[in-house]
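Going by this note's numbering, the sequence shown runs without a break in its numbering and finishes at 312.
Each remark here refers to the structure printed beneath this line.
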Amino acid sequence: MKKKKKRRIRWNNVFLFLFILIFIIILIISIINIINWLKDSKKTNNNIEEIQNNIEINEVIDSDETQVIENEVIDKEDPYWDYIEMNLIDIDFNELKQKNDQTVGWIQVGGTNINYPFVQTGDNDFYLNHSFDKSYNNAGWVFMDYRNNKTDFDKNTILYAHGRADNTMFGSLKKVIFNSWLSNKDNHIVKLSTETENTLWQVFSVYKIPTTNDYIQVHFIDDDEFLEFGNILLNRSTYDFNTIITKEDKILTLSSCYNDDEKVVLHAKLIKRELK
37 MKKKKKRRIR WNNVFLFLFI LIFIIILIIS IINIINWLKD SKKTNNNIEE IQNNIEINEV
97 IDSDETQVIE NEVIDKEDPY WDYIEMNLID IDFNELKQKN DQTVGWIQVG GTNINYPFVQ
157 TGDNDFYLNH SFDKSYNNAG WVFMDYRNNK TDFDKNTILY AHGRADNTMF GSLKKVIFNS
217 WLSNKDNHIV KLSTETENTL WQVFSVYKIP TTNDYIQVHF IDDDEFLEFG NILLNRSTYD
277 FNTIITKEDK ILTLSSCYND DEKVVLHAKL IKRELK
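Structure representation (structure tokens):
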């Protein structure tokens with residue numbers, strides 16, 4: 037009996053030791069991950085601060101060159117009629133291009149912290165773990181889908197970024213599905229500036245969804261396929277923006293992680309542009 041008890045105690049001690057060892061390993065890994073996350077966050081914030089301190093964002097008043105995207109089927113109650121009165125923004129990209137020659141534009145999203153230059157390279161992987169200065173950083177940067185045309189918007193132009201917990205990159209995109217953001221109609225606008233034009237986009241759909249690729253289609257066979265796509269996005273929205281999609285529209289899609297299993301997505305349509 038004593039031998040059995042000693043063996044039992046010995047095995048209990050072994051299991052306890054293994055449990056403690058595993059716990060310590062997990063704790064060490066967690067601490068390392070937290071330290072690395074904080075380092076990446078600090079580098080990202082430094083990048084953002086440097087950019088925003090040195091780049092001037094100019095509001096642009098409509099001129100004879102401004103093109104309003106009109107459509108006869110737009111209802112008089114559609115907030116479109118208020119939004120087209122908003123000013124565009126304009127960015128001089130010379131300094132940004134010196135820091136990163138892959139810079140293609142600047143994005144502002146109402147009611148969020150999203151106010152950054154965005155980039156594009158030959159794949160959708162590099163800027164998942166590289167910052168604006170191209171240094172390795174798991175915070176990544178805002179980037180355009182490699183399939184999109186950077187000088188002329190496609191029927192669906194897509195921008196991605198990580199949903200950072202410190203609200204950098206697309207971290208604050210999560211706000212768009214909450215009432216505090218939705219209830220303010222001034223938020224329902226996205227402004228872009230590129231080297232070739234300045235544009236204004238009206239939000240028409242926001243939602244979170246289990247990870248899927250069905251909303252990141254770029255090219256369409258014909259108008260019918262595009263309209264079907266646009267109506268899927270409209271019907272998926274958690275909020276009714278009281279607007280429609282037509283075959284003439286162009287869509288801007290913003291996509292980010294909401295959590296490990298879901299994405300948060302915003303779609304907007306082009307309503308005003310001005311060539312530079």
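All residues carry an ideal CB built from backbone N, CA and C; glycine is no exception.
Subject >> Pairwise C-alpha distance: I225 and F265 >> reply: Rounded to the nearest whole angstrom, the C-alpha separation of F265 and I225 is 21 angstroms.
Original post:
When burial is assigned at 16 or more other CB atoms within 10 Å of the CB, is K112 buried or exposed?
Top reply: Burial call: exposed.
**OP:** Inspect the CB distances between the stretch 195-205 and the stretch 113-126 and report whether three or more fall short of 8 angstroms.
**Re:** No, they do not touch.
**OP:** Measure the C-alpha to C-alpha separation of F55 and A201 and round it to an integer number of angstroms.
**Re:** Cα-Cα distance, rounded: 31 angstroms.
Original post:
Do the stretch 274-292 and the stretch 248-257 touch if we need at least three Cβ pairs shorter than 8 angstroms?
Top reply: Per the Cβ contact rule, the stretch 274-292 is in contact with the stretch 248-257 (3 or more Cβ pairs under 8 angstroms).
Subject >> Three-way DSSP call (helix, strand, coil) for T80 in this model >> reply: Looking at T80 - three-state DSSP - the assignment turns out to be helix.
**OP:** Tell me whether E310 is buried or exposed, calling it buried when 16 or more other Cβ atoms sit within 10 Å of its Cβ.
**Re:** Per the 10 Å Cβ criterion, buried.
**OP:** Compute the distance between the beta-carbons of K244 and I213, then report whether it is under 8 angstroms.
**Re:** When the beta-carbon positions are compared, K244 and I213 come within less than 8 angstroms of each other.
**OP:** Please state if the CB of N123 and the CB of V96 are separated by a distance shorter than 8 angstroms.
**Re:** The Cβ-Cβ distance between V96 and N123 falls below 8 angstroms.
**OP:** Would you identify the three-state DSSP class for S273, choosing helix, strand or coil?
**Re:** Coil.
Original post:
Relative to the alpha-carbon of D169, which residue among I150, N185, L132, D161 has its alpha-carbon at the smallest distance?
Top reply: Taking only the C-alpha atoms, the option nearest D169 is L132.
**OP:** Run the CB neighbour count on S167, radius 10 Å, all protein chains shown included, and call it buried at 16 or more, exposed below.
**Re:** Under a 10 Å Cβ-count criterion, S167 is classified as buried, with 16 or more other Cβ atoms of the shown protein chains found around its own Cβ.
Original post:
First and last residue of the alpha helix (DSSP H) that includes L132?
Top reply: Start and end: 130-135.
Original post:
For Y172, does the count of other Cβ atoms within 10 angstroms reach 16, so buried, or fall short, so exposed?
Top reply: Per the 10 Å Cβ criterion, exposed.
Original post:
Can you name, in chain order, every residue of its own chain whose Cβ lies under 7 angstroms from the Cβ of F129, other than the five neighbours on each side?
Top reply: So the list reads T139, E231, once near-sequence residues are dropped.
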